[in-house]
Amino acid sequence: MYNAMGLGAVLKSIVDTALSKKSARQKIQYTEMRESYIGLLGALHQAAVEPSDKNSKNFALWQTRVQLFGSEEVAAAVQEIIDTNDGPREKRNEVYNKMLSSMRRDLENHAA
């Protein structure tokens, strides 16, 4: 009987550890995603307000972080932002709103 109780405690400990590690990974992933999205929005603003090579490179860095930590949907929307840069303002605004909606959905889906 004591062996069964000991085995149960060991199994519970293993499960608790696995769940704790999974939760920690999810929290890190959410934090990286959130920081990437906020950083990208800041870099996008800076590039729009003060166009320069430096700001373009900073935006590209944040775009890469979004590709690493964000969803494919958000990464595609960011690329659309770039592709519509010289196009009609209405299309750019539409793509921008699509990007924001995708970011919001990602953050809601990954919130702890």
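Following the UniProt record's numbering, the numbering of the sequence shown begins with 1 at its first residue and continues without gaps. Just so you know, even glycine gets a beta-carbon here, dropped at the ideal spot from N, CA and C.
Does DSSP put Ser36 in a helix, a strand or coil? helix
Spatial neighbours of Tyr96 in its chain, beta-carbon cut-off 8 Å, leaving aside the 5 residues before and after: Ile81
Taking the C-alpha atoms as reference points, what is the distance between Leu58 and Ser20? One point to set straight first is that residue 58 is Asn, not Leu, in the sequence displayed. Approximately 35 Å between the Cα atoms of the pair.
Taking Gly70 as the reference, which of Ala9, Ile28, Pro88, Asn85 has the closest Cα? Ile28
Between Arg92 and the rest of its own chain, which residues show a CB-CB distance below 6 Å, the 5 nearest in sequence each way excluded? Thr84
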